[in-house]
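In the numbering used here, the protein residues as written are 97 to 305.
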Ligand code: PRP
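So, in structure tokens, the structure goes:
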């Protein structure tokens, strides 16, 4: 049985649609369930429902053979996992944004030691370092857009999909750091011990992507 770590929510829904197209009908099993481990006997799959940021951890330590996770989270986690496939859904952008009324149009216009709130402190730090811009990164766990609104930060680094959250909270994008889509990742040892099962699943997924 292959163990797949995936976060509940948008990525799981899209992954289930992809699996259905590949001939694995798993959707019904998830309905109205609050279980954290869901077995799909006929497909020989076990779903481990984790928090998005924890998916690479389960996979690196071999608690899951495979994981489905956004590229943004994968890069931020810096975990030792093998990236097998770009699943090409869940497209979003990791951006730098500031309050519209700040008048700032470029990151170079941020004041020295500006505070930047983010759920992606590692990526944000590397990004500003690469530009030689001195900022203070303040890690937050969510609702990042609040930072500038309550005087905690002058800018944010966060993902945006539709742009609605930024717009409705008076923020504008001043740079894009990276684009992200969902990725299928694997544990290095599972790649050897479960080689055929992983290759079969990755193969059918690649066909329907
Ligand atoms: C993400 C992100 C933004 C929002 C962007 O938050 O952090 O807040 O989605 O989406 P939009 O561009 O379509 O409006 P998420 O829902 O993951 O929750 P969080 O704020 O707790 O991180």
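Even glycine gets a Cβ: it sits at the ideal position worked out from N, Cα and C.
Check, Outcome
"Alpha carbon of residue 256 to alpha carbon of residue 136, nearest angstrom", "33 Å"
"Sub-8 Å separation of residue 168 and residue 190 beta-carbons", "yes"
"Residue 255 CB to nearest heavy atom of the ligand PRP below 7 Å", "yes"
"Coil, strand or helix - residue 232 by DSSP", "strand"
"Assigned secondary structure, residue 133 (DSSP; H/G/I helix, E/B strand, else coil)", "strand"
"Neighbourhood of residue 148 by C-beta distance below 6 Å, restricted to the same chain and skipping five residues each side", "103 and 169"
"Pair within 8 Å by beta-carbon distance, residue 240 and residue 215", "yes"
"Contact belief for residue 277 with residue 187 at Cβ below 8 Å, rounded distance in angstroms", "5 Å"
"Limits of the unbroken alpha helix (DSSP H) element including residue 240", "Premise fails: residue 240 is in no alpha helix (DSSP H) and is neither H nor E."
"Residue environment, residue 249, which counts as buried when at least 16 other CB atoms sit within 10 Å", "buried"
"Within 8 Å, strictly: CB atoms of residue 285 and residue 267", "no"
"Residue 219, buried or exposed, once every other Cβ within 10 Å from all chains shown has been counted against 16", "buried"
"Cβ-based burial, residue 143 [other Cβ within 10 Å; buried from 16]", "buried"
"Within the region 195-277, ranges of the alpha helix (DSSP H) (whole runs, at least 4 residues)", "217-227, 242-245 and 260-264"
"Cβ neighbours of residue 304 in the same chain (closer than 7 Å, five flanking residues each side left out)", "114, 117 and 118"
"heavy atom of the ligand PRP below 7 Å from residue 147 C-beta", "no"
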